[in-house]
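A quick write-up on the structure given underneath.
In the working numbering, the protein residues as written are 1 to 389.
Shown next as structure tokens:
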């Protein structure tokens, strides 16, 4: 009836405003399928509604958590729907945070476009590239990972609400599902639609696992970026020292002036956590039996944790590390000049055998390829310079 219905609506509005948060006492990981959390929610709503009706808490003969608040619903369909909505809301801030990193990398790629450096394969010297092209590649890989996340989130927009017990839609009036999901979309400001196969929406967690995998792939790419920055910034004397990193705090309690790649290290640890969370989600997704996956609370905890870490830290990582990176031009140029591997560029001019001889002599004497090639009159400085354009 309208009186009970309006009281329930008012109770929900109060809860949504942040009141009564302390009444939700169930841990994120709770009894399978989120039944305990759903019951906790029904009871809080019912008791707040009872007070609105000037009744005492627990006087369920007037308004009942199951008969009235949970009407036309089941933990089977409400919890997976709430899980999708919570993840989608978190993604609203996560995707823009990824954008910030992509923009920082793209800007840095332009800044570094003229700085040539030794490329590396197997951690060994390879042909020269530009520092800018390296950062362009980082931006490309993270853009692709972001696109995969955006594509994956579309599956989450299809929700189970109205499926009730085992996806049968039992105890729901005609038209309820369509109306309820439309109202939820309005309240949450999300694009939501009924999942066509209601049994699928309860027994399979493909949509969540798919997004989790996309987040893992993003973590792999960002983790690789953090690793490379740490290596390129190693030094300042005994390491590569190709990049300068901004100091965010004192690097050592005993060694004055030490600057550590702290934000890159923090980013690595966040990536490890996201990869671990995906492993948990993967096990949870395949552990559902028959008509219901009961591992959803564990999945939701992992998904919110992963998206929280990304949305909170990526802007810090971008602004306080990526934006502040500087190139050590002298070191980059010195590496190119002194690396014997650049003899590969001379091979079309002087031939393979002479190039191999120069390579061996450079390693033996410590003289640069340029110095040896010009002293033997195999090529002049102008010709060698042209090879690096």
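By construction, the Cβ of each residue, glycine as well, lies at the ideal position given by its N, Cα and C atoms.
In this text, all values refer to a predicted model and were calculated from it rather than measured experimentally.
C-alpha gap between residue i and residue j, whole angstroms
{"i": "residue 318", "j": "residue 279", "result": "27 Å"}
{"i": "residue 242", "j": "residue 131", "result": "9 Å"}
{"i": "residue 329", "j": "residue 346", "result": "23 Å"}
{"i": "residue 217", "j": "residue 147", "result": "11 Å"}
{"i": "residue 247", "j": "residue 259", "result": "6 Å"}
{"i": "residue 90", "j": "residue 149", "result": "13 Å"}
{"i": "residue 400", "j": "residue 38", "result": "The chain is shown only over 1 to 389; residue 400 falls outside these bounds and no answer can be derived."}
{"i": "residue 232", "j": "residue 264", "result": "12 Å"}
{"i": "residue 186", "j": "residue 102", "result": "31 Å"}
{"i": "residue 202", "j": "residue 268", "result": "35 Å"}
{"i": "residue 321", "j": "residue 245", "result": "7 Å"}
{"i": "residue 287", "j": "residue 293", "result": "7 Å"}
{"i": "residue 46", "j": "residue 106", "result": "53 Å"}
{"i": "residue 369", "j": "residue 129", "result": "18 Å"}
{"i": "residue 211", "j": "residue 153", "result": "6 Å"}
{"i": "residue 373", "j": "residue 343", "result": "9 Å"}
{"i": "residue 188", "j": "residue 151", "result": "20 Å"}
{"i": "residue 197", "j": "residue 284", "result": "21 Å"}
{"i": "residue 124", "j": "residue 224", "result": "17 Å"}
{"i": "residue 81", "j": "residue 17", "result": "20 Å"}
{"i": "residue 3", "j": "residue 54", "result": "12 Å"}
{"i": "residue 111", "j": "residue 326", "result": "9 Å"}
{"i": "residue 166", "j": "residue 226", "result": "45 Å"}
{"i": "residue 155", "j": "residue 207", "result": "5 Å"}
{"i": "residue 63", "j": "residue 50", "result": "7 Å"}
{"i": "residue 313", "j": "residue 95", "result": "12 Å"}
{"i": "residue 92", "j": "residue 379", "result": "58 Å"}
{"i": "residue 87", "j": "residue 274", "result": "14 Å"}
{"i": "residue 174", "j": "residue 163", "result": "12 Å"}
{"i": "residue 200", "j": "residue 315", "result": "37 Å"}
{"i": "residue 27", "j": "residue 237", "result": "50 Å"}
{"i": "residue 324", "j": "residue 333", "result": "21 Å"}
Beta carbon proximity, residue i to chain B, threshold 8 Å
{"i": "residue 270", "result": "Of the protein chains in this structure there is only one, and it is not chain B."}
Buried or exposed (CB count within 10 angstroms, at least 16 for buried), residue i
{"i": "residue 385", "result": "exposed"}
{"i": "residue 114", "result": "exposed"}
{"i": "residue 382", "result": "exposed"}
{"i": "residue 250", "result": "exposed"}
{"i": "residue 254", "result": "exposed"}
{"i": "residue 309", "result": "buried"}
{"i": "residue 291", "result": "exposed"}
{"i": "residue 177", "result": "buried"}
{"i": "residue 142", "result": "buried"}
{"i": "residue 117", "result": "buried"}
{"i": "residue 335", "result": "buried"}
{"i": "residue 353", "result": "exposed"}
{"i": "residue 230", "result": "buried"}
{"i": "residue 9", "result": "exposed"}
{"i": "residue 144", "result": "exposed"}
Boundaries of the beta strand (DSSP E) in which residue i is found, first to last residue
{"i": "residue 118", "result": "116 to 121"}
{"i": "residue 278", "result": "Residue 278 -> not in any beta strand (DSSP E); alpha helix (DSSP H) instead, spanning 262 to 286."}
{"i": "residue 128", "result": "124 to 130"}
Any non-hydrogen atom of the ligand SAH closer than 7 Å to residue i Cβ
{"i": "residue 136", "result": "With respect to the ligand SAH, the structure shown offers nothing to examine, as it has no ligands at all."}
Terminal residues of the alpha helix (DSSP H) in which residue i lies
{"i": "residue 250", "result": "From DSSP, residue 250 is part of no alpha helix (DSSP H); its letter is neither H nor E."}
{"i": "residue 95", "result": "75 to 111"}
{"i": "residue 242", "result": "Careful: residue 242 lies outside any alpha helix (DSSP H) and carries neither H nor E."}
{"i": "residue 333", "result": "329 to 338"}
{"i": "residue 322", "result": "Taken as a continuous stretch (DSSP letters only), residue 322 belongs to no alpha helix (DSSP H), as it is neither H nor E."}
{"i": "residue 293", "result": "Unbroken run through residue 293: none, as it is neither H nor E."}
{"i": "residue 386", "result": "381 to 387"}
Inset, instruction - Please go through the segment 171 to 225 and give each complete alpha helix (DSSP H) segment of 4 or more residues, from N-terminal end onward. - result: 176 to 188 and 198 to 203
Legend entry - Cβ pair count under 8 Å reaching 3, the segment 279 to 298 against the segment 344 to 364: no
Legend entry - Completely contained alpha helix (DSSP H) runs for the segment 2 to 72, where each covers 4 or more residues: 2 to 16 and 35 to 52
Inset, instruction - Could you tell me whether the segment 131 to 145 touches the segment 157 to 172, using the rule of 3 or more Cβ pairs below 8 Å? - result: no
Legend entry - Stretch pair the segment 35 to 53 + the segment 63 to 79: three plus CB contacts closer than 8 Å: yes
Inset, instruction - Determine, using beta-carbon pairs with one atom in the segment 54 to 70 and one in the segment 175 to 193, whether at least three such pairs fall under 8 Å. - result: no
Legend entry - Uninterrupted alpha helix (DSSP H) stretches inside the segment 341 to 377 (no shorter than 4 residues): 343 to 350, 352 to 365 and 369 to 375
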